[in-house]
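Reviewing the structure listed below.
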Amino acid sequence: MKASTRTTYGSPDVITVKEVEKPTPKANEILVRVYATTVNRTDCGALWGKPFVFRFFIGLFKPRNEITGTDFAGVVEAVGQNVTSFKVGDRVWGFDDNTLPSHAEYMAIDTKKPVLKIPNGFTFEQAAASAEAAHYAYNFLNKVKLAPGMKVLVNGGTGAIGSAAIQFLKSMDIFVIAVCHSQYNDRVQALGPDRIIHYDKEDFTQDYKKYDFVFDAVGKSSFKPCTKILKDNGIYISSELGPGAENLYLPLLTSIKGGKKVIFPLPIDISKSLAYVADLAEKGKFKPLIDRTYTLDEIKEAFTYVNSGQKIGNVVIKLN
Ligand SMILES: NC(=O)c1ccc[n+]([C@@H]2O[C@H](COP(=O)([O-])OP(=O)(O)OC[C@H]3O[C@@H](n4cnc5c(N)ncnc54)[C@H](OP(=O)(O)O)[C@@H]3O)[C@@H](O)[C@H]2O)c1
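Numbering that gives the first Met the number 0 applies: residue 0 is where the sequence shown begins, and numbers increase by one.
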């Protein structure tokens, strides 16, 4: 079978797409024929081995998984002798932020890992694009108490995390203000926010409104300027560590001080996130934003594009 492989950390130049042995599922595993996967920001981190702390989970001196990838959508082709939760022919999708050998035509995965049946009506491409960023977006939302009518600002409405967060918030009847570049106004408007601020024309931190939460889904802002637009007990959450890694210590400092707070979301429980996304998808309340689609042979280009920080939503790799 064909797979995207690498034996060392580095730029997309370390990747070789080559023939490797097709895996055989162990007793607790299923063999999945992969139809779609994505190249996402976690894949980029795993390719470079950055931040360095990531290597404690994915291989200290070299990547543990020679095949790249973190998410997949496909069809069960074979099941191990102990597997009862899946059968041959099931349409499945899954994600593991500590990497999976999913940039390949076939992949074996233990059924204890986050793997679910694909929501009804979802294509393989949509399922693969609903895993990584949707998991992080859900982990913003589930760290705070949200209620209908609250006002939430999402910075980075075009990003994979931001575009998912907007739809999740709208499904809860939250008043959502999205921030994006004016050239992407229509694509972000289609996600359903109540108002859009164009960051190339207006600084959202100078806005006249006050918000219950500021979700910086691209990590381009910081807490201090956002305090002006937060309500008295408002909360700031960012997907990045912020200047001087301040989002690691500000949660403690701001919780001692009282008033406006910072929370740094540690993403956990991928299966719960995927189940949440599947439920919304089946209710017609979530569709992933998909940017470009590449073939497996073009995967180096896909990594280069995703690493540019300019993708709009998700970048899909179509196989088989
Ligand atoms: N904390 C975690 O566990 C975790 C996990 C995964 C990812 N991340 C981080 O989360 C961030 C977002 O990931 P993602 O996959 O959603 O990113 P992405 O899809 O690559 O999104 C980046 C988007 O942000 C837009 N953007 C760039 N500068 C902006 C600005 N100043 N204001 C508003 N929008 C801006 C870009 O478009 P334009 O530049 O064209 O406007 C692009 O569409 C990344 O920094 C990633 O490293 C964190």
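Think of the CB as a built atom: it goes at the ideal place given N, C-alpha and C, for glycine as much as any other residue.
Reduced DSSP secondary structure (H/G/I, E/B, other) of aspartate 183: Strictly speaking, residue 183 in this sequence is tyrosine, with aspartate absent from that position. Here tyrosine 183 sits in helix by DSSP.
When we look at the beta-carbon of lysine 209 and count the other beta-carbons within 10 Å, is it buried (16 or more) or exposed? exposed
Specify whether the region 54–63 and the region 83–95 touch according to this definition: at least 3 beta carbon pairs, one from each stretch, less than 8 Å apart. no
Can the beta-carbon of phenylalanine 85 be found less than 8 Å from the beta-carbon of threonine 110? yes
Out of Gly79, Phe167 and Leu288, which one is the CA nearest neighbour of proline 24? Gly79
Note down the Cα distance separating glycine 129 from threonine 122, rounded to an integer number of angstroms. Going by the sequence as given, residue 129 is serine instead of glycine. Their Cα atoms are separated by approximately 11 Å.
What does DSSP give as the partner residues of leucine 152 in its beta bridges? Ile176 and Val213
For isoleucine 228, the nearest candidate out of Glu239, Leu249, Asp206 and Trp47 (CA to CA): Asp206
Segments of 3+ residues assigned as beta strand (DSSP E) that fall wholly inside the region 96–122: 105–109 and 114–116
Ligand 1 and serine 238: does any heavy atom of the ligand fall closer than 7 Å to the residue's C-beta? yes
In this structure, does DSSP put lysine 260 in helix, strand or coil? strand
In this structure, how does DSSP classify asparagine 319 when only helix, strand and coil are distinguished? coil
Reference glutamate 65; option with closest CA among Leu252, Asp42 and Val33: Asp42
Tell me whether glycine 161, by its Cβ, gets closer than 7 Å to a heavy atom of ligand 1. yes
With burial defined as no fewer than 16 other Cβ atoms inside 10 Å of the residue's Cβ, what is the status of alanine 189: buried or exposed? exposed
For ligand 1, is there any heavy atom lying closer than 7 Å to the beta carbon of proline 266? yes
With three or more C-beta pairs closer than 8 Å as the rule, is the region 293–306 touching the region 166–184? no
Three-state class that DSSP yields for isoleucine 298 in the structure shown: helix
Using only CA atoms, which one of Ala274, Glu76 and Asn246 lies nearest to valine 261? Asn246
Glycine 48 and arginine 40 - do their beta-carbons sit closer together than 8 Å? no
Alpha-carbon to alpha-carbon, leucine 251 and tyrosine 235: 13 Å
Skipping 5 residues on each side, what residues in its chain have a beta carbon closer than 8 Å to that of valine 305? Val38, Asn39, Arg40, Asp42, Cys43 and Val314
Buried or exposed, going by whether 16 or more other CB atoms sit within 10 Å of the CB of valine 52? exposed
Which listed residue (Asp211, Val213, Gly233 and Gly241) has its alpha carbon closest to that of lysine 219: Gly241
Give the secondary structure of phenylalanine 60 by DSSP, where H, G and I count as helix, E and B as strand, and everything else as coil. coil
Nearer than 7 Å: is that true of the beta carbon of tyrosine 135 relative to any heavy atom of ligand 1? yes
Compute every distance between the C-beta of glutamine 125 and the non-hydrogen atoms of ligand 1, then say whether any falls below 7 Å. no
With DSSP run on the structure shown, which of helix, strand or coil describes aspartate 70? strand
Under the criterion of a Cβ to heavy atom distance below 7 Å, does isoleucine 262 qualify as lining ligand 1? no
Considering only the alpha carbon of each residue, which of Asp172, Pro224, Ile316 and Gln166 lies closest to proline 287? Gln166
CA nearest to the CA of lysine 1, picked from Thr294, Ser307, Lys310 and Gly312: Thr294
Would you say tyrosine 207 touches ligand 1, meaning its beta carbon is less than 7 Å from a heavy atom? no
Are the CB atoms of threonine 36 and isoleucine 316 nearer to each other than 8 Å? yes
Helix or strand or just coil, what does DSSP make of aspartate 268? coil
Thinking C-alpha only, which one of Val213, Thr4 and Gly155 is nearest glutamine 309? Gly155
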